[in-house]
Amino acid sequence: MTPLPYLRFERHDGIPVVLLDGEIDIAKAPDVRAELAGAVANEDFGLIVDLSEVTYLDSSGVTVLFELADRLHSRQQELAAVVPSDALIRRVLELVNLETVVPLHSDLTEAVAHLRALAPDDSEVPDPPLA
Amino acid sequence: MTSARVEGSGRGLRGLQRVTDAALSHLSLDDLLQELLERVTEVIEVDTVAILLLSDDGRALEPRAAKGLEEEVERGVRIPVGQGFAGRIAAEGRPVIVDDVEQAELVNPLFREKGLHTLLGVPLLVEGQSLGVLHVGRLESRPFSADEANLLQHVGDRAAMAISHAHLYDAERQARELAEASLERLARLQRITDAALAHLALDDLLDELLQRMKEILHVDTAAILLLEDDGRTLEARAAKGLEEWLERGFRIPVGRGFAGRIASQRRAVVIDDVDQADIRDPLLRDRGLRSLMGVPLLVSGEVLGVLHVGSLESRNFSHEDADLLQLAADRSAMAIRAARRFEQEHEVAKTLQSSLLPAALPEMPGVTVGARYLPAGVGAQLGGDWYDAFQLPDGKLGLVIGDVVGHGLSAAALMGQLRNAVRAYALEGAAPGDVAERINRLLRELERGRSATFLYAVLDPDCDEVVIASAAHPPPLLAPADGEPRFVELPASVPLGVTRRPSYTEVTDKLGTGATLLLYTDGLVERRGEDLQQGLSRLQQVAANPPEDPQELCDMLQEEMLGHTASADDTALLAVRSMALDERLRMLLPAEPESAATFRRVLGRWLSQAGAASAESDEIKLACSEACANAIEHAYSPARAVFEVEAVRDDGDVTVTVRDWGQWRAQRGEFRGRGLLLMKGLMDNVDVRQTPHGSTVRLTRKLGRQAVA
Chain H
814 MTPLPYLRFE RHDGIPVVLL DGEIDIAKAP DVRAELAGAV ANEDFGLIVD
864 LSEVTYLDSS GVTVLFELAD RLHSRQQELA AVVPSDALIR RVLELVNLET
914 VVPLHSDLTE AVAHLRALAP DDSEVPDPPL A
Chain S
-11 MTSARVEGSG RGLRGLQRVT DAALSHLSLD DLLQELLERV TEVIEVDTVA
39 ILLLSDDGRA LEPRAAKGLE EEVERGVRIP VGQGFAGRIA AEGRPVIVDD
89 VEQAELVNPL FREKGLHTLL GVPLLVEGQS LGVLHVGRLE SRPFSADEAN
139 LLQHVGDRAA MAISHAHLYD AERQARELAE ASLERLARLQ RITDAALAHL
189 ALDDLLDELL QRMKEILHVD TAAILLLEDD GRTLEARAAK GLEEWLERGF
239 RIPVGRGFAG RIASQRRAVV IDDVDQADIR DPLLRDRGLR SLMGVPLLVS
289 GEVLGVLHVG SLESRNFSHE DADLLQLAAD RSAMAIRAAR RFEQEHEVAK
339 TLQSSLLPAA LPEMPGVTVG ARYLPAGVGA QLGGDWYDAF QLPDGKLGLV
389 IGDVVGHGLS AAALMGQLRN AVRAYALEGA APGDVAERIN RLLRELERGR
439 SATFLYAVLD PDCDEVVIAS AAHPPPLLAP ADGEPRFVEL PASVPLGVTR
489 RPSYTEVTDK LGTGATLLLY TDGLVERRGE DLQQGLSRLQ QVAANPPEDP
539 QELCDMLQEE MLGHTASADD TALLAVRSMA LDERLRMLLP AEPESAATFR
589 RVLGRWLSQA GAASAESDEI KLACSEACAN AIEHAYSPAR AVFEVEAVRD
639 DGDVTVTVRD WGQWRAQRGE FRGRGLLLMK GLMDNVDVRQ TPHGSTVRLT
689 RKLGRQAVA
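Heads up: the protein sequence lines correspond to chains H and S, in order.
If you count the first sequence from 1, you need to add 813 to reach my numbering.
Take the second sequence: its letter number 470 is residue 458 in my numbering, and every next letter is one higher.
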């Protein structure tokens, strides 16, 4: 599958991060859902979804996040989201109460630190050489 | 006796003069010989006269004219030089007298049969060369005297001169006739190879050739049949004197009938008498044709068809006739092949063009697009210009214009590849600069050494902003609603395909309501004998106060900039105009996920027109999009797979109504529930009505209120 131009993977401090940008709406949500499904390996402690560059997120996008949280939690994996506090999508996510299942962070560093703090020591995975 | 001699001499002198008479010099040889016979009898009293001429090989004498001895000529005997009476004269080159034929040896038995008694013969000499023999004979036994021998030798000498002249005259006349015949033949050939024919369209050329063949060969019918694509049938393509053939669309299988036989045998067929020929071709018989001649139309050994002629009278067609017909056939075959190639190329060009240019231009409220592709003039090659316009998944508008350097099928084909690749990259969501860089890479991959100028612009109808990346393409012209048109300033850039890692910087500009953006290729502004700057200035002038409809602008530019003269280069034009939306916005959108983005752009444009601030506009767009998503999900029935959006501003209130005609489906999970949550959270009022025939969601919000957060 061709990687989506508005979605990329990184690893920060051993934690997988999915960075999205642009407008995530009813047309893109199915692709994002499919892509995120493979983003977390079994041995990963959790996943961070960075929405800092997302300018638009509707209920279909919101639902992808809820579903993802459900899946990870059922596998005892953590999900965290990065959403700038002044963004429209922060208001959207607050309206649908995503915070009840997914912690929202203002920046990526904060999110990484949060997940690292929760992670047991043996789950640490070194960064790939070129990351 | 004396008186007789004198009388004889007088006759002789007068006769001698007659023999050298200048009037004889214009007679043909045969006429001259006859005339000489007469005149010899006037000079000398004899019963028979004969003239024998040396054969071409010089070995025998051939009796050519005789009086009293006509049988000798009729029998066509050849008398070897040295044998018999005449042969001896020719061999010895002097007069011979035979006093008594009965006693002589080796004398033509005819002389005896005729009862000739005495003979006198003299050689016909010109400058010592023997031409033949003249001899005379008498039935009575009066022997020839030495005087008579002298006299006859004189006559013979003069006759020889006359014969020699006549020979020359004949040779000259034959040469002249030969020359005239060749001229005539040449003229006939020229009528077929006439260069002027080359300017005729195929059908006119075939008609003209057939008409000329009819005249040259003096025939009653002439027809050309062409092999159909299946290679099994001949169909009448042109005919003279057989016009009913054409009307009936005469067809005949290869191998059958006259024409079919020529095609299968691939060679000329001549039939002198139709009745004798094993040809069952009712059409030819019905026409009453007696003789037929036909040749195949061959090009590089391939049979294209058949050319045949027919005569109502019985004819024996000569080799020359057949050669002429073949020449006409070759001429026709070449023209047919050229025309077919042209047709094929034209067809390929048309197919290419239609596959390379978008079938339809995108439509969107508030934005109108017009375009035009102008191929180069007749006779010019295919060009590599293209334009493209499409809606992007995020509801923005992609506008492409490009020009592959070079001409011909290869340029056009490469253009097609680039066009598709641009679309593919663009629809993936790549930004203009990124698209240009990727296309550069692709072009270098596809055809090293080729280059292209290229420009990709993305117009966001929401804010009227256009983001442009250009690869050495002429700058777009931006004509505002009021004011002078200006060229969009672009950084210097290299064409696609030239360097390995070019950087294409994006430039952002703003259209503004009522403004037109024109993309074009250099064919529009380049004119022979004019520098590019002049062309650009001309465009700037012509495009001032453009017509509102971009399509009309393209038409106008074609008229004003290119006129009616055939252009050497092709030209592509793409114009887009940003327009004010109606105060009451109404649009029908296909019930597809992709419509959501379009809806947001258009609603955003309308909201800013209605005076909404950016933040509240974003919230209203999101809330209303949820209603759209609802409509899109409902549209399971393809019967009416559209939904309707209406937006009005009443005092400070904005009301957006989304209506669908789909089957209501029960909410699945919490998805729609969250949608409703968002609608209610972001709007002042949300009213949802569901019926078995569809649902209507009405959302209202007062402008200028505090944002939700």
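Every residue, glycine too, gets a C-beta built ideally from N, C-alpha and C.
When the beta-carbon positions are compared, H/L892 and H/L881 come within less than 8 Å of each other. Three or more Cβ pairs closer than 8 Å define a contact, and the region 422 to 439 of chain S falls short of that threshold against the region 495 to 513 of chain S. Listed along chain S, no residue sits closer than 9 Å to H/L885 by beta-carbon distance, the nearest being about 18 Å off. Assignment of H/P843 by DSSP, reduced to helix, strand and coil, places it in the helix class. Boundaries of the beta strand (DSSP E) harbouring S/R574: 573 to 578, taken from the DSSP string.
Within chain H, the residues whose beta carbon sits less than 9 Å from that of S/I620 are I839, listed in sequence order.
At a cut-off of 8 Å between C-beta atoms, H/P818 counts as an interface residue with respect to chain S. When DSSP assignments are scanned along the region 294 to 362 of chain S, the uninterrupted stretches of alpha helix (DSSP H) that are 4 or more residues long and fall wholly within it turn out to be 307 to 344. Residues of chain H with a Cβ closer than 9 Å to the Cβ of S/E425 do not exist; the shortest Cβ-Cβ separation is about 13 Å.
Closest option to S/N138, judged by alpha-carbon separation, among S/P83, S/A247, S/E160, S/R176: S/P83. Of the other Cβ atoms in all chains shown, 16 or more fall within 10 Å of the Cβ of S/D269; this residue is therefore buried. Residues of the region 396 to 418 of chain S with a C-beta atom less than 7 Å from some C-beta of chain H are E416, G417, A418, listed in chain order. For S/Q178, the secondary structure class from DSSP, reduced to helix, strand or coil, is helix. S/D543 and S/G237 have their C-alpha atoms some 42 Å from each other.
The beta-carbon of H/D826 is placed no less than 8 Å from the nearest beta-carbon of chain S. Of all residues in the region 872 to 900 of chain H, only S872, S873, V875, T876 place a beta-carbon less than 7 Å from a beta-carbon of chain S. For the pair S/I180 and S/L312, the CB atoms are nearer than the 8 Å cut-off.
Scanning chain H for C-beta atoms nearer than 7 Å to the C-beta of S/P381 yields A840, reported in chain order. A contact between stretches requires three or more CB pairs, one per stretch, nearer than 8 Å, and the region 499 to 507 of chain S meets this requirement with the region 456 to 468 of chain S. For S/P581, the neighbours in chain H by C-beta distance under 7 Å run, in chain order, I839, A840.
Boundaries around S/D19 are those of the alpha helix (DSSP H), 17 to 31, since no beta strand (DSSP E) includes it.
Residues of the same chain with a CB within less than 7 Å of the CB of S/E128, apart from the 5 flanking positions on each side, are H105 in chain order.
With a 10 Å radius around the Cβ and a threshold of 16 neighbouring Cβ atoms, S/P97 comes out exposed. Of S/P111, S/L362, S/S525, the smallest CA-CA separation from S/G551 is found for S/L362. Approximately 6 Å separates the beta-carbon atoms of S/L277 and S/V262; this is inside 8 Å, confirming the contact. Nearest in C-alpha terms to S/A79, of all of S/L112, S/V61, S/R637, is S/L112.
If you draw a straight line from the Cα of S/S118 to the Cα of S/I77, it comes to about 10 Å. For S/L665, the residues of chain H that pass the 7 Å Cβ criterion are L908, V909, in the order they occur in the chain.
The Cβ atoms of S/G421 and S/E494 lie closer than 8 Å to each other. When DSSP states are grouped into helix, strand and coil, S/S583 belongs to the helix group. Chain-ordered, the chain S residues with CB closer than 7 Å to the CB of H/V905 read L610, L666.
Not a single C-beta of chain S is nearer than 8 Å to the C-beta of H/E848.
Residue pairing from DSSP places S/R637 in a beta bridge opposite S/V642. Non-local C-beta neighbours of S/T586 in its own chain, meaning closer than 6 Å and more than five positions away in sequence, comprise G383, ordered along the chain. The DSSP-derived three-state label of S/L691 is coil. Under the DSSP assignment, H/R824 falls in the beta strand (DSSP E) whose first and last residues are 820 to 825.
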